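Asks: In my numbering, the protein residues as written are 55 to 151. A single structure is presented below for examination.
See the structure below:
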């Protein structure tokens, strides 16, 4: 991202007070106990099995491990997973300036 783009994004963050997930293309993750997981702002499923789910993000990937994982629904950039959620790992890729 260019320096002007970063400054503009920083300015809009302060002035408009919008959520960070919208402005910086971050995932929004909602975990309900260890049984249900809702993820917004993903870029697609990279891998899925009953023990692991890996999602592409704008800047990196998200890995979910557990037991009996089932994708309940996928709607655009939203996804719901059910099962026993054991671990959620966010792997951020390095951004070059």
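We put the beta carbon where it would ideally sit given N, CA and C, even for glycine. Given the structure is predicted, the values throughout are model-derived calculations rather than measurements.
From what residue to what residue does the beta strand (DSSP E) around residue 115 run?
Replies: In the chain shown, the residue the question calls residue 115 occupies position 61. That run of the beta strand (DSSP E) goes 114 to 129.
Asks: Just how far apart, CA to CA, sit residue 79 and residue 93?
Replies: Position 25 of the chain shown holds residue 79. Position 39 of the chain shown holds residue 93. Cα-Cα distance, rounded: 13 Å.
Asks: Is residue 116 buried or exposed, if buried means 16 or more other CB atoms sit within 10 Å of its CB?
Replies: Against the chain shown, residue 116 aligns to sequence position 62. So residue 116 ends up on the buried side.
Asks: Whole angstroms is fine: what's the gap from residue 140's alpha carbon to residue 91's?
Replies: Position 86 of the chain shown, counted from the first residue, corresponds to residue 140. Position 37 of the chain shown, counted from the first residue, corresponds to residue 91. Distance between the alpha carbons of residue 140 and residue 91: 11 Å.
Asks: Count the other C-beta atoms from every protein chain shown that fall within 10 angstroms of the C-beta of residue 130, then say buried if there are 16 or more, exposed otherwise.
Replies: Counted from its first residue, the chain shown places residue 130 at position 76. Exposed, because fewer than 16 other Cβ atoms sit within 10 Å of the Cβ of residue 130.
Asks: Can you have a look at residue 96 and say buried or exposed, based on whether 16 or more other CB atoms are within 10 angstroms of its CB?
Replies: Looking up residue 96 in the chain shown gives position 42. Answer is buried; the Cβ neighbour count reaches 16.
Asks: Taking residue 124 and residue 135 to be in contact with their CB atoms under 8 Å, please state how far apart those CB atoms are, rounded to whole angstroms.
Replies: Numbered from its first residue, the chain shown carries residue 124 at position 70. Numbered from its first residue, the chain shown carries residue 135 at position 81. The Cβ separation is near 7 Å, so the contact holds.
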